[in-house]
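To start, the structure itself, in structure tokens.
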Amino acid sequence: MSGMLNSGVGQQQFQRRTQNAPQERGPRQYIKVVPQQQEQVQSSNKSRTMTPYQAENGQMTLNGQESSSMLDWKVQLKLPPVDTRHKTEDVTATKGNEFEDYFLKRELLMGIYEKGFERPSPIQEESIPIALTGSDILARAKNGTGKTAAFCIPAIEKIDQNKNAIQVLILVPTRELALQTSQVCKELAKHLSIQIMVSTGGTSLKDDIMRLDQTVHLLISTPGRVLDLANKGVCNLRDCSMLVMDEADKLLSPEFRPLVERLIGYLPRNRQVLLFSATFPVTVKSFKDRFLRKPYVINLMDELTLKGITQYYAFVEEKQKVHCLNTLFSKLQINQSIIFCNSVNRVELLAKKITELGYSCFYIHAKMLQSHRSRVFHDFKNGACRNLVSSDLFTRGIDIQAVNVVINFDFPKNSETYLHRVGRSGRFGHLGLAVNLITYEDRFNLYRIEQELGSEIKPIPPQIDQVIYCR
Ligand SMILES: Nc1ncnc2c1ncn2[C@@H]1O[C@H](COP(=O)(O)OP(=O)(O)OP(=O)(O)O)[C@@H](O)[C@H]1O
Ligand SMILES: [Mg+2]
Numbered sequence: 138m139s140g141m142l143n144s145g146v147g148q149q150q151f152q153r154r155t156q157n158a159p160q161e162r163g164p165r166q167y168i169k170v171v172p173q174q175q176e177q178v179q180s181s182n183k184s185r186t187m188t189p190y191q192a193e194n195g196q197m198t199l200n201g202q203e204s205s206s207m208l209d210w211k212v213q214l215k216l217p218p219v220d221t222r223h224k225t226e227d228v229t230a231t232k233g234n235e236f237e238d239y240f241l242k243r244e245l246l247m248g249i250y251e252k253g254f255e256r257p258s259p260i261q262e263e264s265i266p267i268a269l270t271g272s273d274i275l276a277r278a279k280n281g282t283g284k285t286a287a288f289c290i291p292a293i294e295k296i297d298q299n300k301n302a303i304q305v306l307i308l309v310p311t312r313e314l315a316l317q318t319s320q321v322c323k324e325l326a327k328h329l330s331i332q333i334m335v336s337t338g339g340t341s342l343k344d345d346i347m348r349l350d351q352t353v354h355l356l357i358s359t360p361g362r363v364l365d366l367a368n369k370g371v372c373n374l375r376d377c378s379m380l381v382m383d384e385a386d387k388l389l390s391p392e393f394r395p396l397v398e399r400l401i402g403y404l405p406r407n408r409q410v411l412l413f414s415a416t417f418p419v420t421v422k423s424f425k426d427r428f429l430r431k432p433y434v435i436n437l438m439d440e441l442t443l444k445g446i447t448q449y450y451a452f453v454e455e456k457q458k459v460h461c462l463n464t465l466f467s468k469l470q471i472n473q474s475i476i477f478c479n480s481v482n483r484v485e486l487l488a489k490k491i492t493e494l495g496y497s498c499f500y501i502h503a504k505m506l507q508s509h510r511s512r513v514f515h516d517f518k519n520g521a522c523r524n525l526v527s528s529d530l531f532t533r534g535i536d537i538q539a540v541n542v543v544i545n546f547d548f549p550k551n552s553e554t555y556l557h558r559v560g561r562s563g564r565f566g567h568l569g570l571a572v573n574l575i576t577y578e579d580r581f582n583l584y585r586i587e588q589e590l591g592s593e594i595k596p597i598p599p600q601i602d603q604v605i606y607c608r
């Protein structure tokens, strides 16, 4: 990071616009969520019908001794196109387990393979067998390395479809993450008859009450709403034998912790508790000591940042930020980007500026109507717009594979926030780029965060080779 304070980081270069701007200037709109005039960012390959083994090397390698009925179900799987992008060791350094090693229900295995998962990632290899034994777990693994399936797979496996009761509660800190997690569960369990419900603030409480009258096996919720339903006596958690807390450190922040502790009072004493996150500050310890029984601790973070993400900073004055962003837009090969600001107000102001510059963008923050938030999330995920300006609402857990660039328009104050924000690109070991706009006031935070994460944030060079974030 040497030379950070006086380098003026390539501001001259930043002011130049290239002739062939990679982003076309779209219609001037940033509030309405309508399809943008731009190429789809998602792959358009046709789906394939092959066995998982064929998917790997194009050859049938199933053991000839396996019975024809075993072969049948694999042959009939409808697998999505293979993702041929480069992947780093963050997800490839596995022990070589197969999903079949865990004796999961065949219907669940079908859902796993049809989701495009060929083999478990390192965190899945560690957590799935332990969670299946009923042990409490505190698991830490890098962003985008598959923690969701690491708890959803054992959760779904353990659910008894014939028992009419909420058997698993998955708590997450934001409504969008709840929607995303329920989608993952529904896909994994699509060949089972498990009833999955998502319940969050910002939606009709009456509807949730009616829905809870019917069978629910797996409930995904934000703490406030589920506590409300439990307090009203409409959400019965007496048979809920598994509690998962995703982004556990966030759920244990002062904002949520009292709710979570009250909620635990509604669960049976013999519950299993699974905590997952990429960050576990010391504050989690007291909760762990009080509520977890001999937890199995998994820590796959010998280093903190993702191997596939290159991190740069540009030293700018506050008033130069928009100009700098404009130059980044014209120079970078952005597949999709998330641009973080530190306040709701700044999110809206910046989205307006970006639109005035002629680039299409959506924006999202927690003060928007939930229906609008959900729509923006859905449409951005489907590639309807290239850029999303966001508050810290999207900092944790949000998984949009097409995002290859994260820009901290405002630099965050702590290293957890920084790590999670930057982890919105480079999902599942893919490559990504993080660019931080640093003002004079941010200089000590940049230094501290770099030290705390033990990772290098380099001055942005005049040219960035696409190979480092577009493969
Ligand atoms: N075994 C697997 N094979 C292929 N892709 C996988 C596998 N497991 C997960 N993925 C994909 O990896 C991406 C990231 O997974 P996930 O969102 O669970 O990461 P995470 O560890 O929870 O990240 P974060 O810390 O940001 O919440 C998802 O798109 C998911 O579908
Ligand atoms: Mg996650």
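Numbering (the numbering used here), first residue to last: 138 to 608.
Quick reminder that beta carbons are idealized off the backbone N, C-alpha and C, glycines included.
Work out the CA separation of residue j and residue i for me, nearest whole Å.
i	j	result
ARG165	LYS422	Reliability fails at ARG165, whose pLDDT of 29 lies under 50, so the model's placement of it is uncertain and no value is given.
ASN541	LYS211	33 Å
GLY569	ASN280	12 Å
PRO599	ARG523	23 Å
LEU325	LYS550	37 Å
ALA286	GLN261	7 Å
TYR500	ARG430	42 Å
ILE357	SER336	6 Å
LEU364	CYS607	43 Å
ILE594	ARG406	46 Å
LEU389	ILE307	14 Å
ARG580	LYS295	49 Å
CB of residue i to nearest heavy atom of ligand 2: below 7 Å?
i	result
GLY534	yes
THR285	yes
Please state if the CB of residue j and the CB of residue i are separated by a distance shorter than 8 Å.
i	j	result
ARG561	MET438	no
VAL321	LEU355	no
ARG634	LYS387	In this structure the chain extends from 138 to 608, so residue 634 is not present and cannot be described.
ASP273	GLN409	yes
PRO310	PHE240	no
LEU574	CYS478	no
VAL559	GLN448	yes
ASN545	LEU494	no
ILE435	GLU263	yes
Where does residue i land, buried or exposed, given buried means 16+ other C-beta within 10 angstroms?
i	result
HIS557	buried
PRO418	exposed
GLY402	exposed
TYR577	exposed
HIS502	buried
HIS567	buried
ALA230	exposed
ASP426	exposed
ARG399	exposed
SER181	Unreliable placement is indicated for SER181, whose pLDDT of 36 sits below 50; the coordinate value is still reported in the next sentence. Exposed, by the Cβ-count rule.
Should residue i be listed as close to ligand 1, given that the test is whether its C-beta is under 7 Å from any heavy atom?
i	result
SER258	yes
ARG564	yes
ALA385	no
GLY560	yes
GLY569	no
PHE546	no
ALA278	yes
THR86	Outside the modelled stretch of the chain, which goes from 138 to 608, sits residue 86, for which no answer is possible.
GLY253	yes
ALA415	yes
GLN261	yes
GLN473	no
GLN538	yes
Is residue i near ligand 3, judged by its Cβ being under 7 Å from some heavy atom?
i	result
VAL513	Here the bound small molecules are ligand 1 and ligand 2; ligand 3 is not part of this structure.
Original post:
Are at least three pairs of beta-carbons, each pair with one atom in the segment 242–256 and one in the segment 373–380, less than 8 Å apart?
Top reply: no
Original post:
Do the segment 344–352 and the segment 305–317 make contact, defined as three or more Cβ pairs closer than 8 Å?
Top reply: no
Original post:
Is the segment 583–593 touching the segment 517–534, taking contact as three or more C-beta pairs under 8 Å?
Top reply: no
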